[in-house]
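**Student:** Numbering follows our numbering, with no gaps: position 23 of the sequence shown is 23.
C-beta atoms are modelled at their ideal positions from N, C-alpha and C, and glycine is treated no differently.
Nothing here was measured: the structure is a model prediction, and the numbers come from that model.
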Amino acid sequence: MAEFPVHLPSFSCRNCRTPVAFSQDLLSKDFWRKPERGKSGRAYLFRQAINIVVGEKEEKQLITGLFTIANISCSKCGEVMGWKYLQAYETREKFKEGMFIIERSKIAKEY
């Protein structure tokens, strides 16, 4: 597990409380997960994530276009947290490459 400064506010896995991102890396709270299997919800865009495992890459049509993404999971409990943008095919979406989407329902804010 990655070492992190205790004094920095962070987001942790709601399931096991392992830190997965720092508040300073939060870029946007204005993302939505595309409805899938009858579910949809808020998601946050982070510059970086910690204590996660990056899965297999796949092409996926998301709300804003076609991307190559990889699901991300908590490194401790295995809970799928969201995904990492690996490649954007539309120029206006290139800024997302290398960034992480973490579903709001999967995290808790730690102070």
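1) Would DSSP call T18 helix, strand or coil?
2) Which residues in the same chain as W83 place their Cβ atom closer than 7 Å to its Cβ, once the five residues preceding and following it in sequence are excluded?
3) Give me the Cα-Cα distance between R104 and E90, rounded to the nearest whole angstrom.
4) Rounded to the nearest angstrom, what separates K109 and P9 at their Cα positions?
5) Taking the alpha carbon of F22 as the reference point, which residue from E58, R42, Q48 and R14 has its own alpha carbon closest?
6) Under 9 Å between the Cβ atoms of I107 and C13?
**Tutor:** Reading it off the structure:
1) coil
2) Excluding positions up to five away in sequence, the list reads I69, A70, N71, I72 and I101.
3) 26 Å
4) 7 Å
5) Q48
6) yes
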